[in-house]
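Accompanying notes for the structure given below.
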Amino acid sequence: MFTLDTLSGKTILVTGGGSGLGLAMATRFAEMGAHIAICGRTEDKLISAAADIKNAGTKAGHTTTVLTHAVDVRDYAAVGVMFERLTNELGQVNGLVNNAAGNFLSPTEDLSPNAFKSVIDIVLHGTFNCTQHFGKRLIDTEKPGNIVNIVTTYTETGGAFIVPSACAKAGVYAMTTSLAYEWGTYGIRVNSIAPGPFPTEGAWSRLIPANVEAGFIQRIPLGRYGEHIELANLATYLISDMSGYINGSCVTIDGGERLAGGEFNFLTQMAPRPQLKQMFAAMKPKKG
Ligand code: COA
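Written as structure tokens, this is what we have:
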């Protein structure tokens with residue numbers, strides 16, 4: 457479906473691009489001819505990811521520029537500094553994938569206000585911060601652009617034990633459809649992707665207790681998890697001009713898993729609540 461120049465002329469920032477699905481998308485974009493920027497909180501991770509991304513671009517015959525920028529997307533001013541630098545060093549950034557996220561399993565009655573706030577800040581405020589700095593520059597220079605937001609299948613259904621993420625992602629979904637209309641008039645398209653289960657170290661360590669994995673996979677009619685390349689191909693399509701008339705849409709890619717209901721609801725049936733609480737507590741990283 458794609459040719460190696462599908463994304464030539466594009467410069468795309470992937471937030472949280474240092475690992476997991478962000479890295480998979482950034483790598484695929486580089487193969488298709490884009491210049492890439494990735495940001496995240498951990499510099500070392502970004503530098504190692506950048507080498508892989510550049511390598512993928514080179515192997516596909518491109519001279520790929522990959523820029524890394526360590527930033528916490530929660531910090532509005534720091535995100536502004538990042539966009540300033542990207543524009544100076546890469547020229548106009550015309551694609552943005554809001555992928556950076558935070559999530560963990562917790563009974564809602566046990567959440568501290570700061571735990572709720574942390575996820576909302578990363579997912580909802582972080583997406584706003586990047587989106588606004590990105591959009592402003594395009595609007596000021598009268599250039600078109602393209603945003604892909606990573607949401608979830610439980611944006612619509614909600615989900616047990618991931619209330620902060622469900623609330624934040626529902627907000628990102630609303631931002632997607634709102635801006636698709638408001639900024640569509642400037643030639644900026646805004647779409648979202650709702651991925652089902654695509655294993656990554658970050659998500660699995662926080663969201664899938666080892667002894668319930670079998671229950672998790674049983675929910676997927678196709679009987680398997682998604683492969684990173686499948687998500688990366690969808691993102692490539694949406695960020696490319698091939699999807700030029702798609703705006704304000706959310707594309708689900710989950711093997712049909714959402715039809716089984718809210719993604720983590722099944723956990724309520726897996727074990728008595730005290731046992732679940734113990735399982736979740738064991739997954740919580742130690743402070744510091
Ligand atoms: N259960 C309950 N509360 C938790 C938790 C868990 N598993 N993990 C963190 N928290 C709470 C902390 O206790 C803290 O609250 P407190 O100050 O009242 O004690 C609050 O959340 C913030 O945690 P902290 O680790 O200080 O914040 P952070 O900004 O460094 O981390 C998180 C943000 C919590 C979202 C962390 O999981 C993260 O960095 N995630 C990014 C990667 C990720 O989640 N990837 C998967 C995406 S699907």
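The sequence shown begins at 457 in this note's numbering and counts up by one.
Note that the Cβ used here is the ideal one computed from N, Cα and C, for glycine as well.
Nothing here was measured: the structure is a model prediction, and the numbers come from that model.
Suppose the cutoff is 7 Å on Cβ atoms and the five residues either side in sequence are ignored; what does the same chain contact list for residue i look like?
i    : result
V668 : L723, M726
E545 : L523
M488 : F458, L460, T462, L463, T692
P655 : Y681
A505 : G473, G474, S475, L479, I494
E499 : A526
L678 : G711, G712
Any heavy atom of the ligand COA closer than 7 Å to the Cβ of residue i?
i    : result
G575 : Residue identity differs from the one stated: residue 575 is Val in this sequence, not Gly. Answer for V575: yes, Cβ within range of the ligand COA.
F672 : no
R662 : yes
F617 : no
G614 : no
A482 : no
N570 : yes
S648 : no
N559 : yes
K625 : no
M488 : no
L715 : no
I494 : no
G478 : no
S562 : yes
L687 : no
M735 : no
K740 : yes
I578 : yes
A659 : yes
L567 : yes
Could you tell me which residues DSSP puts in a beta bridge with residue i?
i    : result
L469 : A493, L552
V646 : I603
L463 : Answer is none; L463 lacks a bridge partner.
L523 : A493
T708 : A650
Excluding sequence positions up to five away, which residues of its chain have a Cβ less than 6 Å from the Cβ of residue i?
i    : result
A480 : H684, A688
I676 : G711, E713
V607 : K625, V628, Y629, S648, A650
A622 : Y610, G614, G615
G496 : G472, G474, L502
A482 : V470, G473, I492, I494, I509
Can you find the residues in the same chain that come closer than 8 Å, C-beta to C-beta, to residue i, ignoring five residues on each side of it along the sequence?
i    : result
L635 : T587, G591, I603, I644, V646
G700 : R645
A486 : I492, I509, K510, A512, G513, A516, H518, T520, V522
I702 : R645, N647, L694
M739 : F560, L561, S661, R662, P665
R729 : P563
Report the CB separation of residue i from residue j in whole angstroms; it is logged as a contact under 8 Å.
i    : j    : result
G582 : Y637 : At roughly 22 Å, the Cβ-Cβ gap does not stay under 8 Å, so G582 and Y637 are not in contact.
I664 : G682 : Rounded, the Cβ-Cβ distance is 14 Å, inconsistent with contact.
G615 : E719 : 5 Å
L567 : P653 : That belief does not hold up - the Cβ atoms of L567 and P653 are roughly 23 Å apart, past 8 Å.
F539 : H589 : 4 Å
### Query
Any chance the segment 460-472 sits against the segment 512-532, with 3 or more Cβ pairs inside 8 Å?
yes
#### Entry: Contact the segment 549-557 vs the segment 465-481: 3+ CB pairs below 8 Å
yes
### Query
Are the segment 530-546 and the segment 570-586 touching, with three or more C-beta to C-beta distances below 8 Å?
yes
### Query
Taking contact to mean at least 3 C-beta pairs separated by less than 8 Å, is the segment 555-565 in contact with the segment 474-488?
yes
### Query
Do the segment 691-698 and the segment 654-671 meet, that is, are 3 or more Cβ pairs less than 8 Å apart?
no
### Query
Does the segment 503-514 touch the segment 568-575, meaning 3 or more C-beta pairs lie closer than 8 Å?
no
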